[in-house]
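Taking the working numbering, the leading residue of the first sequence gets 5, the next gets one more, and so forth.
Built from N, CA and C at the ideal position, the CB exists for glycine as well.
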Amino acid sequence: MDFIHPATKEIAQNLLGKLLVHKTHACIYSGFIVETEAYVGMDDMACHSYGGKNTPRLQSMYKAGGTIYVYTMHNHHMLNIVTKEANNPQAVLIRAVEPAEGIEQMAANRQQTGILISNGPGKLTKAMAITKELDGTVMNEGALYIDEENSKEPNKIITAPRIGIPNKGDWTIAPLRYYVKGHPFVSGMAKKETLPSTKIWKNVL
DNA sequence: ACTACGATCGACT
DNA sequence: GTCGATCGTAGTT
Numbered sequence: 005m006d007f008i009h010p011a012t013k014e015i016a017q018n019l020l021g022k023l024l025v026h027k028t029h030a031c032i033y034s035g036f037i038v039e040t041e042a043y044v045g046m047d048d049m050a051c052h053s054y055g056g057k058n059t060p061r062l063q064s065m066y067k068a069g070g071t072i073y074v075y076t077m078h079n080h081h082m083l084n085i086v087t088k089e090a091n092n093p094q095a096v097l098i099r100a101v102e103p104a105e106g107i108e109q110m111a112a113n114r115q116q117t118g119i120l121i122s123n124g125p126g127k128l129t130k131a132m133a134i135t136k137e138l139d140g141t142v143m144n145e146g147a148l149y150i151d152e153e154n155s156k157e158p159n160k161i162i163t164a165p166r167i168g169i170p171n172k173g174d175w176t177i178a179p180l181r182y183y184v185k186g187h188p189f190v191s192g193m194a195k196k197e198t199l200p201s202t203k204i205w206k207n208v209l
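Have a look at this one:
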């Protein structure tokens, strides 16, 4: 995948359906990305790098596209993939995945089953054992990578405002959240809105 | 050293 | 739907 040349919001949509893999000494974890958000840099009031802000925590945001940015809040880890060239601090937040490999270990990591394993940004990092150790490393060059060979393609992508961005004017309502229509692992998805897998992915029987 | 504030989650009404 | 827990980060003294 190209994490540098397309617009960040295009990269966020391209990531939907991709198989995210985390290889650890104990276990291989993988899951299909079903929900993302774009954070589009210095002009974006919701972005950590708004106004060119730079702190030790934010170092990874200023590196080249493909760098992994992990930060913590409320004792949860958040996984982002940096986009664009160095010193153009934009990123895509991975908000939910559908578990593929290592499901039993993910359930154990989370002490939960079913959609509760990974239907939120803090949940999927705990399920897949993603920590700040990965911060600053590069996608596809280390333990975390995208397996394009085994990825899927969404039938329809829904666009919506980002979650948890109050009082940021136009940036609160900016349509920069993307998810796979009808997928049960999307955060906050109502059960009655979910669809069978044949209608969620292309070329899935 | 002290204070304010979350890109959340889970429990509860 | 609302609400509280709880702590790392950063800005200020």
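Item	Value
Given residue 63 as reference, the closest of 202, 95, 42 once Cα atoms are compared	95
Contact under 9 Å by Cβ, residue 81 with residue 15	no
Residue 160, DSSP secondary structure in three states	coil
Bridge partner(s) assigned by DSSP for residue 34	25
Beta-carbon gap between residue 35 and residue 128 smaller than 9 Å	yes
Contact belief for residue 150 with residue 88 at Cβ below 8 Å, rounded distance in angstroms	Contact doesn't hold; Cβ gap of about 17 Å is too wide.
Simplified DSSP assignment, three categories, for residue 131	helix
Start and end residues, beta strand (DSSP E) containing residue 76	72-77
Start-to-end residues for the alpha helix (DSSP H) that takes in residue 114	107-114
Check whether residue 184 and residue 39 have beta carbons under 9 Å apart	yes
Local conformation of residue 98 per DSSP, three classes	strand
Chain-order list of residues whose beta-carbon lies under 6 Å from that of residue 205 (same chain, five-residue window excluded)	156
Unbroken alpha helix (DSSP H) run spanning residue 87, endpoints	Note, residue 87: premise wrong, no alpha helix (DSSP H); beta strand (DSSP E) at 80-87.
Residues sharing a beta bridge with residue 148, DSSP	26
Residue nearest to residue 99 in terms of C-alpha spacing, selected from 121, 126, 111	126
Proximity below 9 Å, CB of residue 74 to CB of residue 136	yes
Given residue 139 as reference, the closest of 76, 45, 153, 179 once Cα atoms are compared	76
Inter-residue spacing [alpha-carbon to alpha-carbon] between residue 42 and residue 97	6 Å
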